[in-house]
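S.K.: Sharing a structure here in structure tokens format.
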Amino acid sequence: MSIFSPDSLKALIDEYVPDLVAIRRDLHEHPELAFEEVRTSGIVAQRLHALGLEVQTGIAKTGVVGLLRGGVAGPGAKTIAIRADMDALPIAELNEVEYRSRVEGKMHACGHDGHTAILLTVAALLSKRRSELAGNVKFLFQPAEESIGGAKPMVEQGAVQGVDAVIGLHLISDIPSGRVAVRAGAICASADDYVLTVTGRGGHAASPHEAVDPIVIGAQIIAALQTLISRSTSPFSPSVITIGEMKAGTTFNIIPETAVMRGTVRTFSSEHRTYLMRRIGEVASGIASTLGGSCEIEWQIGGCPPCSNDPAVTALVRRAVVATVGEEMLDEDESVVSAGSDDMAEFLQAVPGCYFMVGSGNEAKGTHYQHHHPRFDLDEDALPIGVEALVRAAVDYLEQG
Ligand SMILES: [Zn+2]
Ligand SMILES: [Zn+2]
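Residues are numbered in the working numbering as their position in the sequence shown, beginning at 1, plus a constant of 3.
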């Protein structure tokens, strides 16, 4: 028997909605970029303290962790962690709303203001029922998701030590408000960015035989890298290799000394990620040396593994979502998988868990713009849905023992 009967939980959440929306709007008005979330994390820490949680601040610079110890958590009781990200983006907001960003050139254009407000509300609700909780709940407020960098140091600094499962959500404007997407297995791609520097030997454009042309070498490398997808990867393992930038040369009649290319690789499994990262370097340097030049590869820091959802935790979250919105509002086919990346992956690699997507798109309210668009906004009716799903999943997990 759950400590929240279905109706009593919805009624309780209704009481919290004004505060939930107020927190979200306050955070929206005061966006802070990655690792600069000083005001935001201060509000988070203050609220968690006020709820009586054990609070740690300064984790991964501006991260905050709150621990709620359940009142009936016996020895060996489980701990579930719930994660929210807090950072905004360097975008000038174009929305004409009363809670518009007050910081020039910065904006919550990905919904992380909503995530933070949702998790603070979940903390408040679960604290209210602390005496009945059969285990512990850890609240992870993560900095710097957008720059891919906040989750990894939090894990390294022990944020998920003693945690048995981790869950989290992302509000998504691509999915209509009211719907929720939950799926086991890979849900977001890995992302690793690289710079390839091809070195040849510069010379006169009319005497290519006296030079080693890095542009021609670069062109061969670009074509060959695509064969890693079409010829070396199973058709059942989706992946992407893109070269998004190529810089070489100064004018038409000079063969330059170097050509520099930048690209990204996306995969949906750690094994495939490791394989392609190795092969991109081997193919590029092999082609360059065959053609008389050389190629250096430099991987950018902040690469991110794929987000992979554990089947058992996903089944639990699915039940919580069905109890919240009903089965007809649940999406679980492969259309919910994204080739974008999210460093929730770092927590999911450390602990079994589930990352799920809560729809916030509503054309009538103008909240259908893509994430990172200057008119991005949230349908605030999605916020209590997120709260309810997380509360139900956490309580059910702890009651399972
Ligand atoms: Zn984003
Ligand atoms: Zn985001």
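We treat Cβ as the ideally placed atom computed from N, Cα and C, and that holds for glycine.
#1: Are the segment 275-294 and the segment 173-186 touching, with three or more C-beta to C-beta distances below 8 Å?
#2: To the nearest angstrom, how far is it from the Cα of Met4 to the Cα of Lys109?
#3: Any residue with its C-beta under 6 Å from a non-hydrogen atom of ligand 1 counts. Can you list them all in chain order?
#4: Taking the straight line between their C-alpha atoms, what separation do you get for Val268 and Met347?
#5: Within this structure, are the beta carbons of Gln145 and Ala87 separated by less than 8 Å?
#6: As a quick exercise: from Thr261, Ala291 and Val215, pick the residue whose alpha carbon is nearest that of Gln223.
#7: Can you tell me whether Ile6 is helix, strand or coil according to DSSP?
#8: Taking the CB atoms as reference points, tell me whether Ile220 and Leu294 lie closer together than 8 Å.
#9: Compare the Cα-Cα distances from Pro355 to each of Leu319, Ala214 and Asp336 and report the closest residue.
#10: Regarding His173 and ligand 2, is the C-beta to nearest heavy atom distance less than 7 Å?
#11: Any idea what DSSP makes of Asp90, helix, strand or coil?
#12: DSSP on Ala63, reduced to helix/strand/coil?
#13: Candidates Glu107, Lys131, Ile85 and Ile121: which alpha carbon is nearest Ala25's?
#14: Under the criterion of a Cβ to heavy atom distance below 7 Å, does His115 qualify as lining ligand 2?
#15: Would you say the beta carbon of Val75 comes nearer than 7 Å to a heavy atom of ligand 3?
#16: Using DSSP's beta-bridge definition, name the partner residues of Met110.
#17: Sorted by chain position, which residues of the same chain lie with C-beta nearer than 6 Å to Thr301's C-beta, five sequence neighbours on each side aside?
#18: What does the Cβ neighbour count give for Lys13, buried or exposed, with the cut at 16 atoms within 10 Å?
#19: Taking 8 Å as the cut-off, decide whether the C-beta atoms of Gly362 and Pro179 are in contact.
#20: Start and end of the alpha helix (DSSP H) containing Ser288?
#21: Kindly indicate which three-state DSSP category Ala80 falls into: helix, strand or coil?
#22: Going by DSSP in three states, Ser44 sits in which element: helix, strand or coil?
#23: What residues are listed by DSSP as bridge partners for Ile232?
#24: Could you compute how far the alpha carbon of Val67 sits from the alpha carbon of Gln59?
#25: His374 and Cys113 look like a contact to me (Cβ under 8 Å); what is the Cβ gap, rounded to whole Å?
#26: Looking at Thr202: is its Cβ nearer than 8 Å to the Cβ of Ser130?
#27: Can you tell me where the beta strand (DSSP E) with Val243 in it begins and where it stops?
#28: Under 6 Å Cβ to Cβ from Ile304, same chain only, skipping five residues before and after it: list those, please.
#29: As a quick exercise: from Phe379, Val324, Leu351 and Glu402, pick the residue whose alpha carbon is nearest that of Ala406.
#30: Helix, strand or coil: how does DSSP classify Leu319 here?
#31: Per DSSP, which one or two residues make a beta bridge with Gly362?
#32: Which two residues bound the contiguous beta strand (DSSP E) that contains Met264?
#33: Who are Thr370's beta bridge partners in DSSP?
M.R.: With the structure as the only source:
#1: Cβ pair count under 8 Å is below three, so no.
#2: The sequence position of residue 4 within the sequence shown is 1, counting from 1. The sequence position of residue 109 within the sequence shown is 106, counting from 1. With a pLDDT of 48 at Met4, under the threshold of 50, the modelled position of that residue is not reliable, and the figure given next carries that caveat. For Met4 and Lys109, the distance between alpha carbons rounds to 46 Å.
#3: This selection yields Cys113, Glu149, His374 and His375.
#4: Here residue 268 is taken as the residue at index 265 of the sequence shown, counted from 1. Here residue 347 is taken as the residue at index 344 of the sequence shown, counted from 1. Computed Cα separation, rounded: 18 Å.
#5: Position 142 of the sequence shown holds residue 145. Position 84 of the sequence shown holds residue 87. Between Gln145 and Ala87, the C-beta gap is smaller than 8 Å, which places the two residues in contact.
#6: Against the sequence shown, residue 223 aligns to sequence position 220. Ranking the options by Cα distance to Gln223, first place goes to Ala291.
#7: Here residue 6 refers to the residue found at position 3 when the sequence shown is read from its first residue. Looking at Ile6 - three-state DSSP - the assignment turns out to be coil, as it is neither helix nor strand.
#8: For this step, residue 220 is matched to residue 217 along the sequence shown. For this step, residue 294 is matched to residue 291 along the sequence shown. With contacts defined by Cβ atoms closer than 8 Å, Ile220 and Leu294 form a contacting pair.
#9: Stepping through the sequence shown from its first residue, residue 355 is reached at position 352. Considering only alpha carbons, the answer is Leu319.
#10: Translated into positions along the sequence shown, residue 173 becomes position 170. Yes; taking the cut-off as 7 Å, the Cβ of His173 has a heavy atom of ligand 2 nearer than that.
#11: Within the sequence shown, the letter at position 87 stands for residue 90. Correct three-state label for Asp90: coil.
#12: Residue 63 sits at position 60 when you count from the first residue of the sequence shown. Note: Ala63 maps to coil in three-state DSSP.
#13: Along the sequence shown, read from residue 1 onward, the residue named residue 25 stands at position 22. The shortest C-alpha separation from Ala25 is found at Ile121.
#14: Along the sequence shown, one-based indexing puts residue 115 at 112. Between ligand 2 and the CB of His115, the shortest heavy atom gap is smaller than 7 Å.
#15: Ligand 3 is not among the ligands present in this structure, which contains only ligand 1 and ligand 2.
#16: Here the question's residue 110 lines up with position 107 in the sequence shown. Bridge partners of Met110: Leu92.
#17: Along the sequence shown, one-based indexing puts residue 301 at 298. Strictly speaking, residue 301 in this sequence is Glu, with Thr absent from that position. Same-chain partners within the cutoff: Val198.
#18: By 1-based counting over the sequence shown, the position of residue 13 is 10. By the 10 Å Cβ count, Lys13 comes out exposed.
#19: Here residue 362 corresponds to residue number 359 of the sequence shown, with the count starting at 1. Here residue 179 corresponds to residue number 176 of the sequence shown, with the count starting at 1. With a cutoff of 8 Å on beta-carbon distance, Gly362 and Pro179 are scored as near each other.
#20: For the purposes of this step, residue 288 is taken as the residue at position 285 of the sequence shown. Looking at the DSSP string, the run of the alpha helix (DSSP H) that includes Ser288 is Ser273 to Thr293.
#21: For the purposes of this step, residue 80 is taken as residue 77 along the sequence shown, with counting starting at 1. DSSP, reduced to helix, strand and coil, places Ala80 outside both helices and strands of the structure shown, so it counts as coil.
#22: Mapped onto the sequence shown, residue 44 falls at position 41. In the three-state scheme derived from DSSP, where H, G and I count as helix and E and B as strand, Ser44 is classed as helix.
#23: Taking the first residue of the sequence shown as 1, we reach residue 232 at position 229. Partner residues in a beta bridge of Ile232, as assigned by DSSP, do not exist.
#24: As a first step, residue 67 must be located in the sequence shown, where it is residue number 64. As a first step, residue 59 must be located in the sequence shown, where it is residue number 56. Distance between the alpha carbons of Val67 and Gln59: 6 Å.
#25: Reading the sequence shown from its first residue, position 371 is the one you call residue 374. Reading the sequence shown from its first residue, position 110 is the one you call residue 113. Between Cys113 and His374 the Cβ distance is about 5 Å, and since that is below 8 Å, they are a contact.
#26: Walking along the sequence shown from the start, residue 202 turns up at place 199. Walking along the sequence shown from the start, residue 130 turns up at place 127. Result no, Cβ atoms of Thr202 and Ser130 do not sit closer than 8 Å.
#27: Within the sequence shown, numbered from 1, the residue matching residue 243 stands at position 240. Its beta strand (DSSP E) spans residues Val243 to Ala251.
#28: By 1-based counting over the sequence shown, the position of residue 304 is 301. Once the five neighbours on either side are set aside, Ile304 has no close Cβ partner at all.
#29: The displayed coordinates of the chain run from 4 to 404. Any statement about residue 406 would go beyond what the structure contains.
#30: As a first step, residue 319 is located in the sequence shown; it is residue number 316 there, counting from the start. The three-state secondary structure of Leu319, taken from DSSP, is helix.
#31: Against the sequence shown, residue 362 aligns to sequence position 359. In the DSSP output, where bridge partners are listed per residue, Gly362 has Ile175.
#32: Taking the sequence shown and counting its residues from 1, one reaches residue 264 at position 261. Run containing Met264: Thr261 to Arg269, per the beta strand (DSSP E) assignment.
#33: In the sequence shown, counting from the first residue as 1, residue 370 sits at position 367. Looking at the DSSP assignment, Thr370 forms no beta bridge with any residue, so it has no partner.
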